[in-house]
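*Asks:* Numbering-wise, numbering that gives the first Met the number 0 puts 26 at position 27 of the sequence shown, and it's gapless, one number per residue. The beta carbon of each residue, even a glycine, is placed where N, CA and C say it ideally should be. If you're wondering where the values come from, they're calculated on a predicted model, not measured in any experiment. The structure follows.
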Amino acid sequence: MGKILIIDDDASFLVLLSRYIEQYFPLLEVQTCTNPLQGLRAMNKDLDLMIIDLEMPHLDGSKLLKYAAETGISKNRIILLSSHDADYLHDHFPMGTCLAVLNKFEAGQKAVLDMIFSSLEKKASR
């Protein structure tokens with residue numbers, strides 16, 4: 000099974016995204032954390048993908064990204080989600096910072112997530 004950790008303080012968004020993944024990508028196992036400190040404890044090198052909200056209280060997504068990279072989790076396995084527009088995100092997180100930086104409210108960005116989830120599911124089925 001492919002393992003995904005989603006860290007976002009928006010509980011409704013977490014439920015929506017995790018149910019979507021479970022319904023359309025059944026070979027992917029989803030763990031969610033609404034508290035970024037909880038997310039720190041859940042991080043491990045066995046994760047196939049981490050999805051981190053950029054804007055959270057107490058500990059924002061950029062700090063979680065930095066911590067994950069320092070503990071040996073590949074930046075190519077991390078997606079940052081935000082409510083900022085794409086221009087802002089690409090200015091603050093240049094290519095190579097992580098796998099992708101996406102606006103979580105733009106419908107067009109969902110296709111990127113679907114491609115990533117589909118790729119993980121193919122890998123998990125082997």
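(1) Can you tell which of GLY60, PHE116, ARG125 and SER81 has the C-alpha that lies nearest to the C-alpha of TYR19?
(2) Looking at C-alpha atoms only, which residue of VAL29, PRO25, LEU46 and ILE51 is the closest neighbour of PRO35?
(3) Anyone know if the C-beta pair for ARG76 and LEU98 falls short of 9 Å?
(4) Within 8 Å, do at least three Cβ pairs link the stretch 66-81 to the stretch 24-32?
(5) So, are the CB atoms of GLY1 and LYS103 less than 9 Å apart?
(6) Could you check where the beta strand (DSSP E) with GLU28 kicks off and where it finishes?
(7) Here's a check: name, in chain order, each residue in its chain whose Cβ is nearer than 8 Å to the Cβ of ASP45, leaving out the five neighbours to either side.
(8) Mapping DSSP to helix, strand and coil, what is ILE52?
(9) How is the alpha helix (DSSP H) around GLY38 delimited, first residue to last?
(10) Below 8 Å on the Cβ atoms is my guess for LYS65 versus THR96; work out the distance and round it to an integer in Å.
(11) Spatial neighbours of ALA85 within its chain, please: C-beta separation below 7 Å, excluding the five flanking residues on both sides.
(12) Going straight from the alpha carbon of LEU48 to that of ILE78, what length do you get?
(13) So what does LYS2 bridge to, in DSSP terms?
*Replies:* With the structure as the only source:
(1) PHE116
(2) ILE51
(3) yes
(4) no
(5) no
(6) 27-32
(7) LYS2
(8) The displayed chain sequence assigns Asp, not Ile, to residue 52. Of the three classes helix, strand and coil, the one that applies to ASP52 here is strand, per DSSP.
(9) 35-41
(10) With 8 Å as the limit, LYS65 and THR96 do not qualify as a contact, their Cβ atoms being about 10 Å apart.
(11) ASN102
(12) 8 Å
(13) GLU28
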